[in-house]
Amino acid sequence: MIKSLRGMNDILSDDYERFTYFIQTASNVATRYGFHFIQTPLLEETALFKRSVGDSSDIVSKEMYQFTDKGENDVCLRPEGTAGVVRAFIQKKLDKAGGIHRFFYHGAMFRYERPQKGRLRQFHQFGVESFGVESVYEDASMIMMVHDILVACGIGYKLQLNSLGCKTCMPPYRQELIHFVKNLGDKVCKDCLRRLETNPIRVLDCKNTTCQQFYTNAPKLINNLCDDCEDDFAKLKSILEDNNIEYEIDTNLVRGLDYYSKTAFEFISDKIGSQSAIAGGGRYDKLVEFLDGKATPAVGFAMGIERLLELIKMPHNTHNGYYIGAMDEEAIPLVVKLSQGKRKTKKVTIDYKARNLQKHLKAADKVNARFCVVIGSNELKNSTLWIKDLKNKTEDTIKVKDF
RNA sequence: GUGAGAUUAGCUCAGCUGGUUAGAGCACUGGUUUGUGGUGCCGGGGGUCGCGGGUUCGAAUCCCGUAUCUCACCCCA
């Protein structure tokens, strides 16, 4: 038997219902915030991700589905959504056009990782990107949008907030931290030593308890922000408070992608295992310029759909549509004909075999039909239909032409 | 990439230290003799016990390998 590739799942029945319900709910919220749908290719030039996400990240250095296509192009399946949207934004010359451009997207992302709960090789994200707004109000608006989407889906969360600083305050801080950790020598774990080379800020988040003891006195970025970043962060907090969004400051929160600056946030859930991040995002003011566009401030977020599916509370499925069946072989053509008419407006399930009434009622139940219509010899003779409302438990016999 | 556990019917699982034709519940299907469901009764189909080797008179059961899943690390949404 041929099986799907590792970490690549089929989405069907209940999962698919929740999947589309989420996409629809999230899209509606994004639309109300003034965002427009954008679809970008699944396949992009590898260089796009190397430059935007950053060579140092695991995502780019070891998790990409990368290959050479028949035209000798170095390409890869997108591991995340932002880079493609930024590329499209620049390619369509919207950076030069100026003004504000707001997009949302959803689709498959690919990372060659070891699968576990909430982590797949092909997974789906819903995300938004906003270009041209420098104000921290937009950052707050992003967070409120995630809040609205999660609330609409009945999902509880915890919001963690941090500021990653900017070109002015981040690099000096990073040097200070590296210096601090290097002074500890080999007392810290080897993961931390590796992080020093790749993403030094990550050491603060190390789960090793002995490492944590050494880091209690480590310098914190939040105390080393420049005036501009400091002001924005304070403002962001007050906007969220004004709008009743609860948050906690997590000075160890780091975004794994190199392009983030200033606002960084993560929505987490304690109900889905160790892969607890259900949404993450922040500001990336330098990325457009970095990808050869005209400098444009930007902010965005992405949500992991598979992780959310476990948490979504769907509205209850109610009785809906018709079930039509026959108790006599000769009535089957009529069943088909009636269903074709009714299907112009309603959901109709039919059975091609003659069965007794009990079977039909059971089958109608099973497909969650509101009405069960049955044609027997009596009905056939009188040109009538027997129809039962399965919800209100009432029944009636009506003329075929009145159906 | 590292460590641990799992894999038996469509699903959830039982199957003792290796011993006849591998079981249950649910699901599916047929009947319940013209006529009332989601919640009755009686029957039926369905498994190369993840895959490949090995040990043995004999393997679902023991050993090795491999794949996948789960959990944790790592990473991140």
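Each residue of the first sequence is one higher than the one before, counting from 10 in the numbering used here. A virtual CB, placed ideally from N, CA and C, is assigned to each residue, including glycine.
Measure the Cβ-Cβ separation of residue i and residue j and say whether it is below 9 Å.
i: D294; j: C175; result: yes
i: G163; j: S283; result: no
i: R364; j: G334; result: yes
i: H110; j: G141; result: yes
i: E72; j: R27; result: no
i: M151; j: G309; result: yes
i: H156; j: I32; result: no
i: H325; j: L399; result: no
i: L173; j: A304; result: no
i: A286; j: E138; result: no
i: I425; j: K368; result: Since the first and last residues shown for the chain are 10 and 412, residue 425 lies out of range.
i: A97; j: T29; result: no
i: E315; j: F113; result: no
i: T34; j: A117; result: no
i: E339; j: L394; result: no
i: N18; j: L129; result: yes
i: N82; j: E54; result: yes
i: I248; j: Y182; result: no
i: C238; j: C220; result: no
If I'm right that residue i touches residue j with Cβ under 8 Å, what's the distance once you round it to whole angstroms?
i: I384; j: V344; result: 6 Å
i: D259; j: Q169; result: 4 Å
i: L300; j: V84; result: At roughly 17 Å, the Cβ-Cβ gap does not stay under 8 Å, so L300 and V84 are not in contact.
i: Y268; j: L296; result: 4 Å
i: L320; j: K280; result: 6 Å
i: K355; j: Y331; result: 6 Å
Give me the residue from the options with the minimum Cα distance to residue i.
i: M323; options: L159, D64 and Y42; result: L159
i: V409; options: C381, L347 and D23; result: L347
i: T77; options: D64, Q100, I99 and L52; result: L52
i: D236; options: V197, Y166, K271 and Y74; result: K271
i: K167; options: D195, S144, D104 and I254; result: I254
i: P228; options: G330, Q184 and S22; result: Q184
i: F189; options: E250, L230, T403 and P124; result: L230
i: E206; options: S65, G80, Q75 and V69; result: S65
i: Q222; options: Q125, K196, S247 and E239; result: K196
i: I99; options: L394, D374, L389 and G302; result: G302
i: N226; options: E250, L202, N192 and G80; result: N192
i: C381; options: E143, S392 and M336; result: M336
i: C198; options: A372, Y224 and K371; result: Y224
i: F276; options: E298, S392 and G165; result: G165
i: D23; options: L234, S386, L318 and L366; result: L318
i: K101; options: I47, S70 and N401; result: I47
Within 10 angstroms of its Cβ, does residue i collect 16 or more other Cβ (buried), or is it exposed?
i: K397; result: buried
i: N232; result: exposed
i: Q134; result: buried
i: R204; result: buried
i: N252; result: exposed
i: A106; result: exposed
i: A414; result: As shown, the chain starts at 10 and ends at 412. That puts residue 414 outside it, with no answer to give.
i: I407; result: exposed
i: M10; result: exposed
i: N171; result: buried
i: D411; result: exposed
i: L21; result: exposed
i: P209; result: buried
i: T218; result: exposed
i: Y25; result: exposed
i: R123; result: exposed
i: R440; result: This structure cannot speak to residue 440, because the chain is shown only from 10 to 412.
i: S278; result: buried
i: D374; result: exposed
i: E250; result: exposed
i: D148; result: buried
i: D104; result: buried
For the 8 Å Cβ check, are there 3 or more pairs between the segment 252-265 and the segment 207-225?
yes
With three or more C-beta pairs closer than 8 Å as the rule, is the segment 286-302 touching the segment 86-99?
yes
Pairs of beta-carbons, one from the segment 38-46 and one from the segment 241-255, closer than 8 Å: are there three or more?
no
If you pair each beta-carbon of the segment 13-26 with each one of the segment 59-70, do three or more pairs fall below 8 Å?
no
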